[in-house]
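**Student:** Below you'll find the structure I mean.
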Amino acid sequence: MKNFLVSYIFSDIADMMEIKGENFFKIRAYRKASQVIANLPEDIEEIMKTSSLGSIEGIGKALEGKIKEIIETGTCRHYEELKKDIPRGLVEMLKIPGLGAKRIKTIYDALNITTIDELEQAAKSHKLRGLPGIGVKTEQAILKGIQMLKGKAGKMLLSTALYLAEEIKDMLKFLPAVEKVEEAGSLRRRKELIGNIYLVVSSQSPAEVLEGFLDYPRITEVVARDTDKTSVVLDLGVQVDLRVVEPRSFWAALHHYTGNEDHNVKLKEIARTRGLDINENGVFKEKNNEVIYPGNEEEVYKLLDMPYIIPELREDKGEIEAAIEDRLPDPVKLADIKGDLHVHSNWSDGINSIEEIAIRAREMGYEYVAITDHSKSLKVARGLDEERLMRQIELIKKLNEEITGIRILTGIEVDILTNELLDFDDEILKELDVVIASVHSGFKQDREKITRRIVAAMENPFVNIIAHPTGRILGKRDSYDVDIDVILKTAAETNTILEINSTPDRLDLNDHLAMKAKEMGVKMVINTDTHELEGLKDIRYGIWVARRGWLEKGDVINTLPLSQLLEVLDKK
DNA sequence: GCCGTTTTCGGCCCGACTGTTTTCAGTCG
1 MKNFLVSYIF SDIADMMEIK GENFFKIRAY RKASQVIANL PEDIEEIMKT SSLGSIEGIG
61 KALEGKIKEI IETGTCRHYE ELKKDIPRGL VEMLKIPGLG AKRIKTIYDA LNITTIDELE
121 QAAKSHKLRG LPGIGVKTEQ AILKGIQMLK GKAGKMLLST ALYLAEEIKD MLKFLPAVEK
181 VEEAGSLRRR KELIGNIYLV VSSQSPAEVL EGFLDYPRIT EVVARDTDKT SVVLDLGVQV
241 DLRVVEPRSF WAALHHYTGN EDHNVKLKEI ARTRGLDINE NGVFKEKNNE VIYPGNEEEV
301 YKLLDMPYII PELREDKGEI EAAIEDRLPD PVKLADIKGD LHVHSNWSDG INSIEEIAIR
361 AREMGYEYVA ITDHSKSLKV ARGLDEERLM RQIELIKKLN EEITGIRILT GIEVDILTNE
421 LLDFDDEILK ELDVVIASVH SGFKQDREKI TRRIVAAMEN PFVNIIAHPT GRILGKRDSY
481 DVDIDVILKT AAETNTILEI NSTPDRLDLN DHLAMKAKEM GVKMVINTDT HELEGLKDIR
541 YGIWVARRGW LEKGDVINTL PLSQLLEVLD KK
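Note that the first sequence covers residues 1 to 572 in UniProt numbering.
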């Protein structure tokens, strides 16, 4: 699968072209192609061989040629030339909030600054202020942006880590020496951001496994190598740690490398009181040094008289105590989900028709799916005005008669305007099955103001759900300054449901807040907020957040069958 | 760069906000 590589290169090209100041629409074509390819369900190499790349949305003659070049050579000339032209650091600077391509170029031209470190120094010694268009405030904003970025340095999104881990696992499974391979570490715990990808392999011949692994074409550097383990860096800057263990030790090892340190330490303490020592090789009886090799992870916990603790919980947040007292949550799972209540169609900024969405939702085994396009103020997204919304409702009514096996719910993602009002009157909102309210503007308003806006939305009797309640974008934007305690309290009081948004760079509410919300008696909904069919599958990211937040089926309203869901939505 | 098309080139994503200006440019959603 080279989809990821092609997508990555196109996105990189777009960034570099932006810094060069090239045509906006040209840049957008690369961005769009990058996104489309990242979300392709098929292997792009297969498409190239069997049909036509030109049939893919957003790919024309020029990009088709470049895709072929990348598949055949791993790169393309256009990309290599841009890389010679544009220092790497300038591209990285695009990630700094408040700093765009134009100012990066201004700074580069004036001060010849090519790395984020140099930029930080220049900002600290006040060399940026005074440059055209940059004053004291911008300089401070840049400095703040750099610090935020550094706090997340070296981490990748869970979605990226999973994609790469799958690719590597698929490759390893082909090696005859490999018996089993699983990811461990924070990736297996499904944390939102991942440092290293950690893989555990069981094999009789570690040398063969390492040999085979080091042939992986994406490896650019071998950081460490031993007889049974290695650490490498991939072309995308990601570190992968691979450890090979004897087959009989596999489950002990997988367990050992999955829990975080605190979880493991606490388990070891408990084991010691029972005369046992748990480590990556197995479980040792201290009195006679007998070794037990667990045949699965359940056995590890069973030896300590505990029920199985799922990987998502193994972070010493009370799960061990809960296990001992037999009050672990029964975690919500993918199969519990009966529908998606936040989906965009091609009526606003989505790319699929309502009919396509409904059919795909039905294929996924859903009972219902809500169409929640943007409202009129969000011009970028071609938000719906009252008249178009009414027409959409009519269409959905008609489709519900034609399509069986799935109920399409009418809905809207209505903007919470900067003046605390909603983008639509109650007269309109009351016509809809699902009303989601969310903030898309005025992110920089102060705490009191933003909190008041969201509280006002929750107090509206027709608003069912607050989408992405904190507004953060992982690696790009911190949440807006909102008093989350007030939001949770008001949600509980007004029967407003809070969303766990499954978009891989949102995951908002996050696991901590989801847990807190549950404690305060707030109900939640796990939605994708997707703009295209493939994105419906991203619901799994939201499920993982929920599981990490100890949520059970009963805490999540879209596990309810349709009739009960409608009751909950009506109850407000 | 793609797309649609009255097939050969014009349209494609717009408006608020901020900070820098002294009438506007850059950034962002």
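Even for Gly, the Cβ is constructed at its ideal location relative to N, Cα and C.
Whose CA, out of L560, E532, L569, L509, lies closest to the CA of G549?
**Tutor:** In the first sequence, counting from the first residue as 1, residue 549 sits at position 549. Measuring from the Cα of G549, the nearest candidate turns out to be L509.
**Student:** From I146 to E402, what does the alpha carbon distance come to, in whole angstroms?
**Tutor:** Stepping through the first sequence from its first residue, residue 146 is reached at position 146. Stepping through the first sequence from its first residue, residue 402 is reached at position 402. I146 and E402: Cα-Cα distance of roughly 53 angstroms.
**Student:** Over the uninterrupted beta strand (DSSP E) stretch that includes K285, give me the two end residues.
**Tutor:** The residue you call residue 285 lines up with position 285 of the first sequence. Note, K285: beta strand (DSSP E), 283-285.
**Student:** Kindly indicate which three-state DSSP category L384 falls into: helix, strand or coil?
**Tutor:** Here the question's residue 384 lines up with position 384 in the first sequence. Strand.
**Student:** Helix, strand or coil for M1? Go by DSSP, reduced to three states.
**Tutor:** Looking up residue 1 in the first sequence gives position 1. In this structure, M1 counts as coil in the three-state DSSP scheme.
**Student:** If I measure Cβ to Cβ from I350 and keep anything under 6 angstroms in the same chain, skipping five residues before and after, which residues do I get?
**Tutor:** Stepping through the first sequence from its first residue, residue 350 is reached at position 350. Position check: residue 350 holds Gly in this sequence, whereas Ile was assumed. Within the same chain, Cβ atoms closer than 6 angstroms to the Cβ of G350 are found at H344, H531, the five residues on either side in sequence being excluded.
**Student:** Specify the secondary structure class of K191 as computed by DSSP and reduced to three states.
**Tutor:** Along the first sequence, read from residue 1 onward, the residue named residue 191 stands at position 191. Coil.
**Student:** For N39, which residues from the same chain have a beta carbon less than 6 angstroms from its beta carbon, with the 5 sequence-adjacent residues on both sides left out?
**Tutor:** By one-based count along the first sequence, residue 39 stands at place 39. E534.
**Student:** Please work out which residues of its chain come closer than 7 angstroms, Cβ to Cβ, to D15, disregarding the five sequence neighbours upstream and downstream, and give them in chain order.
**Tutor:** Counted from its first residue, the first sequence places residue 15 at position 15. Once the five neighbours on either side are set aside, the close Cβ partners of D15 are V91, L94.
**Student:** Report the option in G195, I320, E22, I412 whose CA atom is closest to the CA atom of D305.
**Tutor:** Indexing the first sequence from 1 puts residue 305 at position 305. Considering only alpha carbons, the answer is I320.
**Student:** Just tell me which of A184, K180, I142 has its CA closest to the CA of L162.
**Tutor:** Sequence index remark: in the first sequence, residue 162 carries index 162 (1-based). Of the listed residues, the one whose Cα sits closest to L162 is A184.
**Student:** Using the beta-carbon count (16 or more within 10 Å), is R274 buried or exposed?
**Tutor:** The count along the first sequence starts at 1 and reaches residue 274 at position 274. It counts as exposed.
**Student:** Tell me the rounded alpha-carbon separation between I357 and D538.
**Tutor:** Counted from its first residue, the first sequence places residue 357 at position 357. Counted from its first residue, the first sequence places residue 538 at position 538. So the two alpha carbons sit approximately 14 angstroms from each other.
**Student:** Give the DSSP bridge partners of I412, in chain order.
**Tutor:** Indexing the first sequence from 1 puts residue 412 at position 412. Answer by DSSP bridge pairing, in chain order: D373, V435.
**Student:** Would you call the region 190-205 and the region 215-222 touching, i.e. three or more CB-CB distances under 8 angstroms?
**Tutor:** no
**Student:** With distances taken between CB atoms, is the gap from K187 to V178 smaller than 8 angstroms?
**Tutor:** Counting from one through the first sequence, the residue named residue 187 turns up at place 187. Counting from one through the first sequence, the residue named residue 178 turns up at place 178. Contrary to the premise, residue 187 reads as Leu rather than Lys in this sequence. Not in contact: L187 and V178 (Cβ atoms no closer than 8 angstroms).
**Student:** Curious, which full-length beta strand (DSSP E) runs of at least 3 residues does the region 422-495 contain?
**Tutor:** 434-438
**Student:** Which class does M515 belong to by DSSP, given the choice of helix, strand or coil?
**Tutor:** What you label residue 515 is simply residue 515 of the first sequence in a count that begins at 1. Three-state DSSP puts M515 in a helix.
**Student:** Start and end of the alpha helix (DSSP H) containing I47?
**Tutor:** Taking the first sequence and counting its residues from 1, one reaches residue 47 at position 47. Segment 44-50, the alpha helix (DSSP H) holding I47.
**Student:** With DSSP as the reference, label D235 as helix, strand or coil.
**Tutor:** Position 235 of the first sequence holds residue 235. Coil at D235, not helix or strand.
**Student:** Give me, in chain order, the residues of the same chain whose beta-carbon lies closer than 6 angstroms to that of H255; leave out the 5 immediate sequence neighbours on both sides.
**Tutor:** Here residue 255 refers to the residue found at position 255 when the first sequence is read from its first residue. Closer than 6 angstroms at Cβ, skipping near neighbours: E297, V300.
**Student:** Please state the DSSP three-state secondary structure of H126.
**Tutor:** The sequence position of residue 126 within the first sequence is 126, counting from 1. In the structure shown, H126 sits in coil (DSSP, three-state: anything other than H, G, I, E or B).
**Student:** Beta-carbon within less than 6 angstroms of Y293's beta-carbon, same chain only, minus the 5 sequence neighbours each way: which residues are those?
**Tutor:** Here residue 293 refers to the residue found at position 293 when the first sequence is read from its first residue. Taken in chain order, the residues that qualify are R248, G282.
**Student:** Which residues mark the beginning and the end of the beta strand (DSSP E) in which H342 is found?
**Tutor:** By one-based count along the first sequence, residue 342 stands at place 342. It spans 339-343 - the beta strand (DSSP E) in which H342 sits, taken as one unbroken run.
**Student:** Please say whether D316 and H374 have beta carbons closer to each other than 8 angstroms?
**Tutor:** Mapped onto the first sequence, residue 374 falls at position 374. Mapped onto the first sequence, residue 316 falls at position 316. Result no, Cβ atoms of H374 and D316 do not sit closer than 8 angstroms.
**Student:** Let me confirm a value: G471 is counted as buried when at least 16 other C-beta atoms fall within 10 Å, else exposed. Which label applies?
**Tutor:** Translated into positions along the first sequence, residue 471 becomes position 471. So G471 ends up on the buried side.
**Student:** Quick check on this structure: which residue in I465, S159, K398 has the alpha carbon closest to the alpha carbon of I416?
**Tutor:** Walking along the first sequence from the start, residue 416 turns up at place 416. Taking the Cα of I416 as reference, the smallest distance to any Cα among I465, S159, K398 is reached at I465.
**Student:** Straight-line CA distance for S348 to S202?
**Tutor:** Counting from 1 along the first sequence, the entry for residue 348 is found at position 348. Counting from 1 along the first sequence, the entry for residue 202 is found at position 202. For S348 and S202, the distance between alpha carbons rounds to 49 angstroms.
**Student:** When burial is assigned at 16 or more other CB atoms within 10 Å of the CB, is G65 buried or exposed?
**Tutor:** If you number the first sequence from 1, residue 65 lands on position 65. Flag for G65 reads exposed.
**Student:** Bridge partners for V180 per DSSP, in chain order?
**Tutor:** As a position in the first sequence, residue 180 is number 180, starting the count at 1. The sequence shown places Lys at residue 180, rather than the Val named in the question. BP columns for K180 point to S202.
**Student:** Let's see if you can read the secondary structure: which residues bound the alpha helix (DSSP H) around R225?
**Tutor:** The residue labelled residue 225 in the question sits at position 225 within the first sequence. Segment 219-225 is the beta strand (DSSP E) holding R225; no alpha helix (DSSP H) there.
**Student:** Check this for me: beta carbons of G98 and A141, under 8 angstroms apart or not?
**Tutor:** Residue 98 sits at position 98 when you count from the first residue of the first sequence. Residue 141 sits at position 141 when you count from the first residue of the first sequence. In contact: G98 and A141 (Cβ atoms closer than 8 angstroms).
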